[in-house]
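K.L.:
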């Protein structure tokens, strides 16, 4: 298993990092080999590529909404206007970046069954006004890799901290089975991430 600590794409909450590390140690105690996913520029470049591809394709698929962007929510209007201003060469360049990183990640997934990391930068936000920043899903989306969310961790304040596991395409059954196994470990040792910190 590869442990993913996102790099350069947002500040991950300390409780989230502690929770992910805690689960990794629990799995290592059960005989799982745990190594760290090399970060380098992978996260930052993939998020940028995702932003470009999503904006261009959204604007291309929704020309009527582009024309009426002033009547849409600010985030959606910004996405569509950004995409409409970009050229196809920029989309192709972003896809080339994704393809290069995809080859590297698939090579790692030929040796390791999955990648484990946070699903979000921190706890779920309080209230119903927002669902949180989806930035940590974007690298895997632009790579076209299957990902499964794992619930069970909670912050020191009792708010949910989501994990995710990512695997190779066409091995979704193995990924789902691994996610279920990890979830059972998480639930068996549930507690606030801020409280257990780095404890074994």
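In our numbering, the protein residues as written are 210 to 409.
From the three backbone atoms N, C-alpha and C, an ideal C-beta is built for every residue, glycine too.
#1: Terminal residues of the continuous beta strand (DSSP E) containing residue 369?
#2: Give me the Cα-Cα distance between residue 179 and residue 305, rounded to the nearest whole angstrom.
#3: Can you tell which of 271, 384, 348 and 363 has its C-alpha closest to the C-alpha of residue 314?
#4: Under a three-way DSSP split, which group does residue 291 fall into?
#5: If we call anything under 9 Å between Cβ atoms a contact, is residue 295 one with residue 268?
#6: Residue range of the beta strand (DSSP E) that residue 363 falls in?
#7: Can you list the alpha helix (DSSP H) stretches of 4 or more residues lying completely in the segment 216-275, in chain order?
#8: Below 8 Å on the Cβ atoms is my guess for residue 252 versus residue 224; work out the distance and round it to an integer in Å.
#9: Starting from residue 396, follow the alpha helix (DSSP H) in both directions and report where the run begins and ends.
#10: Buried or exposed: which applies to residue 254, given that a residue is buried once 16 or more other Cβ atoms fall within 10 Å of its Cβ?
P.N.:
This is what the structure holds:
#1: Residue 369 -> beta strand (DSSP E) spans 369-375.
#2: Residue 179 lies beyond the range of the chain shown here (210 to 409); nothing can be said about it.
#3: With distances taken between CA atoms, residue 314 lies nearest to 348 out of 271, 384, 348 and 363.
#4: Helix at residue 291.
#5: Yes; because the gap between Cβ atoms is below 9 Å, this pair is in contact.
#6: Counting along the chain, the beta strand (DSSP E) containing residue 363 begins and ends at 356-363.
#7: Listed in chain order, the complete alpha helix (DSSP H) runs (minimum 4 residues) inside the segment 216-275 are 223-238 and 251-270.
#8: With a contact defined as Cβ atoms closer than 8 Å, residue 252 and residue 224 miss out at about 20 Å.
#9: Boundaries of the alpha helix (DSSP H) harbouring residue 396: 381-397, taken from the DSSP string.
#10: Residue 254 should be labelled buried.
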